[in-house]
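Chains as they are written, first to last, in the numbering used here: chain A, 1 to 349; chain B, 350 to 595.
Here's the structure, in structure tokens; my notes come after.
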Amino acid sequence: MEKRLFIKGNEALCRGAIKAGCRYYFGYPITPQNDIPEFFAKHLPQVEGCFIQAESEIASINMLLGAAAAGARAMTSSSSPGISLMQEGISYMAGSELPGVIVNIMRSGPGLGGISASQGDYFQATRGGGHGDYRTIVLAPHSVQEMHDLAFLAFDLADKYRNPVIILADAVLGQMQENMVERDLLPMSLPTKDWILTGASRRKPRLIKSLYLKEGEMEQHNWKLFAKYQQMKKEEVRLESHLIEDAELIIVAFGTAARVSKSAIRIARTAGMKVGLLRPITLFPFPEEALAKIAQAGKKFLTVEMNTGQMVEDVRLAVGRQGEVFFYGHPPGSPPVPEEIWEEIKKVY
Amino acid sequence: MKQVFRRPASLLDVPFHFCAGCHHGLIHRLVAEAIDHFELREKTIGVAGVGCAVFIYEYFAIDVLEAPHGRAPAVATGLKRALPERIIFTYQGDGDLASIGMSEIMHTANRGENITVIFVNNTVYGMTGGQMAPTTLLGQETTTSPYGRDLQQAGYPFRMAELIASLGGTSYSARVAVHNAAHVLKAKKIVRQAFEMQIKGKGFSFVEFLSACPTNWGMRPPQALARIENELIPFFPLGIFKEPRE
């Protein structure tokens with residue numbers, strides 16, 4: 001059944017999560033994501049779910065860890081400073097191979113920063129973020145529709161890999177209202193969770209941990225996690241190609257920056273310039289192969305980000321010496337406007 | 350012949366690795382006996398703190414989840430909310446619970462989470478090699494208070510059982526010792542009562558053990574037992590500080 005809705009990104013995300021079977025939410029207030037805990041506080045009791053306003057983001061992520069160990073679909077959300085506090089717990093979840101969804105409605109930083117939209121947490125999200133050698137799957141929506149659909153997908157991916165999944169959005173995506181279609185989404189077929197803790201009834205006791213002290217165990221565990229990340233790279237890359245086929249210049253941007261870039265591309269196309277957009281939807285795994293392929297055809301790249309240059313490093317790694325990579329950064333305070341990106345297109349085209 | 354004493358079914362048949370004179374093994378046994386008493390082995394999940402406490406998973410014949418340092422009460426909260434019919438306990442040392450995890454323990458108790466917390470207070474960071482803990486006594490020498498814990502510099506030790514007892518969500522809070530047989534028997538009863546609170550859905554229950562750490566106290570085990578009697582109990586009085594009014 002399809003339903004047209006005109007709602008905020010944060011609400012769309014919550015509806016996608018509930019649709020995915022999320023029944024546990026733990027969170028702590030921080031702007032600009034407060035619509036998320038407020039939504040769950042109101043709606044989870046109606047579906048026999050559980051909402052807890054935790055005492056801190058540190059407690060939130062650890063409640064999530066506990067609920068995940070019990071096999072529940074659970075999530076937390078926050079904004080940049082709160083996500084920093086969660087990094088310890090995310091690292092433990094990755095080490096203990098526990099699924100869970102963590103939403104970061106990015107605001108500006110460093111420090112207390114401000115509440116305006118930012119993409120300053122790209123490195124933190126895509127490099128693991130906490131201590132140790134691990135990765136999280138990172139999904140980057142660019143519309144209210146995707147806030148909903150990717151939230152739904154995130155729970156399946158978390159369970160598939162027994163790994164935390166980050167949804168990396170920002171204040172604009174969380175706060176803006178636009179049309180979306182709520183429709184039935186197809187869940188993945190996933191194996192039974194035969195590892196969860198439920199009490200050792202008529203089976204051997206189970207243990208979920210990230211401590212490995214015996215000779216060789218730690219190394220083996222790290223290689224096991226690595227194999228999972230390799231599988232993600234093989235199976236989970238998602239991207240949008242927009243007007244790529246004939247393009248001479250490819251803009252690489254995600255989230256809000258991609259949204260604004262699309263408007264700039266419309267201006268460029270009207271002026272006869274062949275500009276396209278490659279929009280990573282998964283930031284980890286990053287669409288490196290798609291970029292490398294385009295680079296071989298001798299195209300130029302312009303990376304647009306709402307920071308002073310983070311994803312551009314991944315673009316350069318993917319492109320190598322095959323193509324020229326330019327960068328346009330608009331650090332937070334206000335979102336970029338299409339005209340400033342259009343100016344940049346003219347410079348590098 | 351009637352068998353009157355055996356290893357609890359909730360403990361695995363493996364030797365403890367703890368140092369000579371350490372009370373962890375004894376406390377493990379008391380917790381396992383309480384679980385056995387209520388026939389809860391198959392529905393109990395333990396949450397391990399960080400430090401010597403983490404090794405409960407080596408010894409208990411139950412499901413165990415390892416928590417980040419200090420976060421066991423928050424982890425237990427998530428677990429209990431998802432599995433309200435299961436029995437959940439945390440097992441934490443003094444650095445874990447009363448220092449880095451002070452926020453989690455206070456809020457979990459105050460929410461009245463229906464879990465049981467076993468708190469092992471040996472006045473020192475054990476696994477990391479004997480540093481000053483939040484429960485280190487004034488004047489006590491540790492590797493990070495080499496001149497003795499100084500009031501001006503490091504403040505007072507926390508009395509956790511009393512602090513927890515002051516919170517609305519707490520149903521039961523007690524402090525016990527296990528340095529002689531009489532106290533072990535009292536402790537056994539109290540641990541049982543704490544789990545009973547959870548079984549009856551009364552809310553948060555808390556048992557603090559005064560525990561010996563001869564290795565990091567620089568003492569022989571008998572001296573360590575005497576220290577509990579002569580130095581710890583005068584500052585950390587034993588007893589039940591809160592229980593439901595019948």
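Note that the Cβ used here is the ideal one computed from N, Cα and C, for glycine as well.
Cutoff 7 Å: residue i Cβ touching any chain B Cβ
i, result
"L197 (chain A)", "yes"
"M93 (chain A)", "no"
"L65 (chain A)", "yes"
"E88 (chain A)", "yes"
"A70 (chain A)", "yes"
Minimum Cβ-Cβ distance from residue i to chain A less than 7 Å
i, result
"Y408 (chain B)", "no"
"T564 (chain B)", "no"
"R636 (chain B)", "In the structure as shown, chain B begins at 350 and stops at 595. Residue 636 (chain B) is therefore absent and cannot be evaluated."
"S448 (chain B)", "no"
"D412 (chain B)", "yes"
"T426 (chain B)", "yes"
"R356 (chain B)", "no"
"L523 (chain B)", "The identity of residue 523 (chain B) in the sequence shown is Ala, whereas the question assumes Leu. False, the Cβ-Cβ gap to chain A never drops below 7 Å."
"L432 (chain B)", "yes"
"E388 (chain B)", "no"
"E415 (chain B)", "yes"
"A423 (chain B)", "yes"
"I548 (chain B)", "no"
"I394 (chain B)", "yes"
"A569 (chain B)", "Note that residue 569 (chain B) is Arg in the sequence shown here, rather than Ala. So no, R569 (chain B) is outside the interface."
"R435 (chain B)", "yes"
"E391 (chain B)", "yes"
N- and C-terminal bounds of the beta strand (DSSP E) containing residue i
i, result
"P164 (chain A)", "164-170"
"Q53 (chain A)", "50-53"
"I250 (chain A)", "249-252"
"T457 (chain B)", "First-last for T457 (chain B): 451-459, but that is the alpha helix (DSSP H), not the beta strand (DSSP E)."
"Y28 (chain A)", "No beta strand (DSSP E) holds Y28 (chain A); DSSP gives it neither H nor E."
"G109 (chain A)", "No beta strand (DSSP E) contains G109 (chain A), which DSSP labels as neither H nor E."
"F414 (chain B)", "Inspection of the sequence shows that residue 414 (chain B) is occupied by Leu rather than by Phe. Where L414 (chain B) is concerned, the enclosing beta strand (DSSP E) stretches over 412-415."
"G329 (chain A)", "325-329"
"V469 (chain B)", "465-470"
"L239 (chain A)", "239-242"
"F590 (chain B)", "588-591"
"G442 (chain B)", "436-442"
"I394 (chain B)", "393-397"
CB-CB length for residue i against residue j, believed under 8 Å
i, j, result
"Y521 (chain B)", "F555 (chain B)", "7 Å"
"G66 (chain A)", "E391 (chain B)", "Contact doesn't hold; Cβ gap of about 19 Å is too wide."
"S448 (chain B)", "A482 (chain B)", "7 Å"
"V424 (chain B)", "L414 (chain B)", "6 Å"
"I244 (chain A)", "G276 (chain A)", "4 Å"
"I36 (chain A)", "V103 (chain A)", "7 Å"
"P417 (chain B)", "G89 (chain A)", "6 Å"
"T564 (chain B)", "C401 (chain B)", "The pair is not a contact, with the Cβ atoms about 10 Å apart (cut-off 8 Å)."
"A536 (chain B)", "L379 (chain B)", "6 Å"
"F438 (chain B)", "V466 (chain B)", "7 Å"
"G20 (chain A)", "A151 (chain A)", "Note that residue 20 (chain A) is Ala in the sequence shown here, rather than Gly. The Cβ separation is near 7 Å, so the contact holds."
The alpha helix (DSSP H) enclosing residue i, as first and last residue numbers
i, result
"S60 (chain A)", "57-69"
"Y229 (chain A)", "217-235"
"Q87 (chain A)", "80-96"
"R378 (chain B)", "373-386"
"E349 (chain A)", "First, the residue type needs correcting, since residue 349 (chain A) is Tyr and not Glu in the sequence shown. Segment: none, Y349 (chain A) is in no alpha helix (DSSP H) and carries neither H nor E."
"N361 (chain A)", "In the structure as shown, chain A starts at 1 and stops at 349, and residue 361 (chain A) therefore has no counterpart that could be examined."
"E407 (chain B)", "405-408"
"K19 (chain A)", "9-19"
"V424 (chain B)", "421-431"
"I267 (chain A)", "255-270"
Residue-level contact to chain D via CB, residue i, 7 Å cutoff
i, result
"E545 (chain B)", "The displayed structure is made up of protein chains A and B, and chain D is not among them."
Problem set entry | Contacting positions in the segment 177-209 of chain A - beta carbon closer than 8 Å to chain B | L197, T198, G199, A200, S201, R202, P205, R206, L207, I208, K209
Exercise. Taking any Cβ of chain B, which residues in the segment 32-62 of chain A have a Cβ under 9 Å from it, in chain order?
Worked result: C50, I52, A54, E55, S56, I58, A59, S60, I61, N62
Problem set entry | Complete beta strand (DSSP E) runs within the segment 489-572 of chain B (minimum length 3 residues, chain order) | 519-526, 553-559
Problem set entry | Contained alpha helix (DSSP H) runs [length at least 4] in the segment 272-320 of chain A, N- to C-terminal order | 288-296, 311-319
Problem set entry | Runs of beta strand (DSSP E) lying entirely within the segment 126-213 of chain A, each at least 3 residues, in chain order | 137-139, 164-170, 177-182
Exercise. Closer than 7 Å, Cβ to any Cβ of chain A: which residues of the segment 440-464 of chain B, in chain order?
Worked result: S452, E453, H456
Problem set entry | Within 7 Å of chain A by C-beta, residues of the segment 369-384 of chain B in sequence order | none
For this session: Anything in the segment 15-26 of chain A with a Cβ closer than 8 Å to a Cβ of chain B? List those residues in chain order, please.
Result: Y24, F26
Exercise. According to a CB-to-CB cut-off of less than 8 Å, which residues of the segment 92-114 of chain A neighbour chain B?
Worked result: Y92, S96
For this session: Taking a Cβ distance cut-off of 9 Å, strictly less, list which residues of the segment 209-242 of chain A are near chain B, in chain order.
Result: K209, S210, L211
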